[in-house]
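This report concerns only the one structure given below.
2 protein chains.
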Amino acid sequence: MKDGAESRRYHHGALREALLEAAEAELIEKGEDGFSLRSTAKRAGVSHAAPAHHFRDLAALLHALAARGFDRLTAVMKAEQAAAGADAAGTDDAAGQVVAAGIGYVRFAIDNPALFQLMFGGRGGGDKPAELAKAAEAGFSVLVNGVARVGGRDALTTEAGWRDVMAVWAIMHGYAHLAIGGKVAWLSDQPFEAQRAVIADQVRRALRLAEG
Amino acid sequence: MKDGAESRRYHHGALREALLEAAEAELIEKGEDGFSLRSTAKRAGVSHAAPAHHFRDLAALLHALAARGFDRLTAVMKAEQAAAGADAAGTDDAAGQVVAAGIGYVRFAIDNPALFQLMFGGRGGGDKPAELAKAAEAGFSVLVNGVARVGGRDALTTEAGWRDVMAVWAIMHGYAHLAIGGKVAWLSDQPFEAQRAVIADQVRRALRLAEG
DNA sequence: CTGCCCCCTTGTCACTGTCAAATCCGTGGT
DNA sequence: ACCACGGATTTGACAGTGACAAGGGGGCAG
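Here the protein sequences line up with chains A and B, keeping their order. Once you know that position 135 of the first sequence is 135 in the numbering used here, the rest is easy, because the numbers rise by one and skip nothing. Take any residue in the second sequence, count from 1 to its spot, add 212: that is its number in the numbering used here.
Here you go:
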């Protein structure tokens, strides 16, 4: 049997994935503090030591979870970017796409606060495996490429280009963090379009573009 | 005896402070993950249950530690600000002072990475006590007041003012986080004055000031 | 000097992450 | 069809953790 999802075979077959799923659910429910390897195992319907075969450590599990988060973050950013591109139709609104990516970034953080916090230096802090670094890098590259398309910037090699990228990144990350921390009621309360306008404004300033 | 520091009286007398001291040392040594209430108690030279009398929870201890961190962060920002004011002597370089505060912010993060991370939503996540919120607010107000002095902005009431404040905050926080994560070798490797220039440039852009 | 109250200690509990050994069961060789 | 092989999973155990309940110790008021 190739098992249609919930087969209860002894050899689970997809335990790794199931564990990650359970882990994210636990993370959302109990928060980063209350998270426990044993209870995620229980939620996945296996014994407390089962995860050991798929993840060396608790840290390894969290790292995998974070990597997954980066994958999704990257996807969200790309999606928003693509949507923005469709909006503006013909015009090469490169800046608008960077803004869109930023919106996606912040939106992801708001939608997945616990995961977002885990991704950025939460628990499981030690030695991040290469896999995680690569996933994070992928998300970052969306931003780099976006900035590179704005006004013929060479975001990859020149120092000024890097500064622009970092500035945009810092703004996105800062807003995301603010939003999660509930520090921006004035922002969160706004309709989404207003939030978009605020962030767009800031990004444009950082890139020295005319406003509006 | 009013005990000159290390008195070994049964009634410690300053256990609360000693525990916070030990806790920070432990935090630095073992990182946020390896941190343990019991071992900080041991480091402070008391039994494992002693902290309970001064901090309801592990979370409470961490909150107090974070509050302390905010106090120091505020102090650093103010100090840098004051130094910048002295530099520019007569000129009312309000923007320069905001920049200085930002520098202080990033510098603090670099100098106290573990503490900084704890302060911003690390462990002990649940219900932040009022004390902590107040300490955080104090640091924030340094920034608010600084921005308010720039170009006659009304940072406290107008929405545009808030946007400016948030933009600067986001930039500072973003850079700080980048620096901690080691993501900005290109920045960290620079001499400090170059870092200052980069951040100054960004802050000025966020406040729509002429560059340079 | 004496009693009291607060600070701290000792002891214990449920729970955590990790390791070692036993157990299960699909797979491939015959 | 059989059967051993070997990886996946379980059971069991151990040191450490945070929280709680009692007990002991000492400084300070009377």
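The beta carbon of each residue, even a glycine, is placed where N, CA and C say it ideally should be.
**OP:** Compute the distance between the beta-carbons of Ala208/B and Ala279/B, then report whether it is under 8 Å.
**Re:** Examination of residue 208/B is not possible in this model, given that chain B is present from 213 through 424 alone.
**OP:** Measure the alpha-carbon distance for Ser232/A versus Leu19/A and round it to whole angstroms.
**Re:** Absent from the structure is residue 232/A, since the part of chain A shown begins at 1 and ends at 212.
**OP:** State the DSSP-derived secondary structure class of Arg255/B, mapped to helix, strand or coil.
**Re:** It is helical.
Original post:
Which residues in the same chain have their Cβ closer than 8 Å to the Cβ of Ile392/B, if we skip the five residues on either side of it in sequence?
Top reply: Close CB contacts of Ile392/B within its chain, under the 8 Å cut and outside five residues either way in sequence, are with Ala321, Ile322, Pro325, Phe328 and Gln329 (chain order).
Subject >> Ranges of the alpha helix (DSSP H) found wholly within the stretch 104 to 176 of chain A, counting only runs of at least 4 >> reply: Taken in chain order, the complete alpha helix (DSSP H) segments of 4 or more residues contained in the stretch 104 to 176 of chain A are 113 to 119 and 130 to 148.
**OP:** Kindly indicate the opening and closing residues of the alpha helix (DSSP H) around Ala412/B.
**Re:** Phe404 to Ala418
**OP:** Please name the residue in Ala287/B, Val310/B and Tyr317/B whose C-alpha comes closest to that of Gly297/B.
**Re:** Val310/B
Subject >> chain B contact for Glu17/A (CB, 8 Å cutoff) >> reply: no
Original post:
Which chain A residues sit within Cβ distance under 9 Å of Gln407/B?
Top reply: Neighbours of Gln407/B on chain A: none; closest Cβ ~11 Å, over 9 Å.
Original post:
If we ignore side chains and look at the alpha-carbon of each, how far apart do Val318/B and Leu285/B end up?
Top reply: 10 Å
Subject >> Cα-Cα separation, Ile383/B to Ala167/A >> reply: 7 Å
Original post:
Would Ala264/B pass as a contact of Gln293/B if the rule is Cβ separation under 8 Å?
Top reply: no
Original post:
For Leu65/A, which residues of its own chain have a beta-carbon under 8 Å away from its beta-carbon, when the five flanking residues on both sides are left out?
Top reply: Leu20, Ala23, Glu24, Leu27, Leu115 and Leu118
Original post:
Taking Cβ-Cβ distances shorter than 9 Å, what residues in chain A pair up with Ala391/B?
Top reply: Correct list: empty, because the minimum Cβ distance to chain A is about 10 Å.
Original post:
Which residues in chain B sit within 9 Å of Ala148/A, going by Cβ to Cβ distance?
Top reply: Under the 9 Å cutoff, chain B gives no residues; its nearest Cβ is about 16 Å from Ala148/A.
Original post:
Exposed or buried, which one is His385/B when buried takes at least 16 other CB atoms within 10 Å?
Top reply: The residue is buried, with at least 16 neighbouring Cβ atoms inside 10 Å.
Original post:
Applying the criterion that 16 or more other CB atoms from any shown protein chain within 10 Å of the CB defines a buried residue, is Gly34/A buried or exposed?
Top reply: exposed
Original post:
Would Tyr105/A count as contacting chain B if we go by Cβ distances under 8 Å?
Top reply: No, its Cβ sits nowhere closer than 8 Å to a Cβ of chain B.
**OP:** Throw me the rounded Cβ distance for the Asp376/B and Ala388/B pair, which I believe falls under 8 Å.
**Re:** About 19 Å separates the Cβ atoms of Asp376/B and Ala388/B, ruling out a contact at the 8 Å cut-off.
**OP:** Rank Gly394/B, Val258/B and Arg335/B by C-alpha distance to the C-alpha of Leu227/B and give the top, closest one.
**Re:** Val258/B
Original post:
Taking 8 Å as the CB-CB limit, is Phe70/A close to chain B?
Top reply: no
Subject >> Within chain B, partners of Glu32/A - CB distance below 9 Å >> reply: Gly333, Gly334, Arg335 and Gly337
Original post:
Would Gln329/B count as contacting chain A if we go by Cβ distances under 8 Å?
Top reply: yes
Subject >> Gly308/B burial status per 10 Å Cβ neighbour count (16 or more: buried) >> reply: buried
**OP:** Assuming Val203/A and Gly102/A form a contact by the criterion Cβ under 8 Å, report the distance between their Cβ atoms to the nearest whole angstrom.
**Re:** 6 Å
Original post:
So, Phe267/B versus Ala350/B, is the Cβ gap smaller than 8 Å?
Top reply: no
Original post:
Excluding five sequence neighbours on each side, which residues of the same chain lie with their C-beta closer than 6 Å to the C-beta of Leu270/B?
Top reply: Closer than 6 Å at the Cβ level, and outside the excluded window around Leu270/B, lie Leu249.
Original post:
Is any beta-carbon of chain A found at less than 8 Å from that of Ile240/B?
Top reply: no
Subject >> Residues within the stretch 247 to 276 of chain B neighbouring chain A, beta-carbon criterion of under 7 Å >> reply: Correct list: empty, as no residue qualifies.
Original post:
Can you check whether the CB of Trp169/A is closer than 8 Å to the CB of Leu143/A?
Top reply: yes
**OP:** Mark Phe192/A as exposed unless 16 or more other C-beta atoms lie within 10 angstroms of its C-beta, in which case mark it buried.
**Re:** exposed
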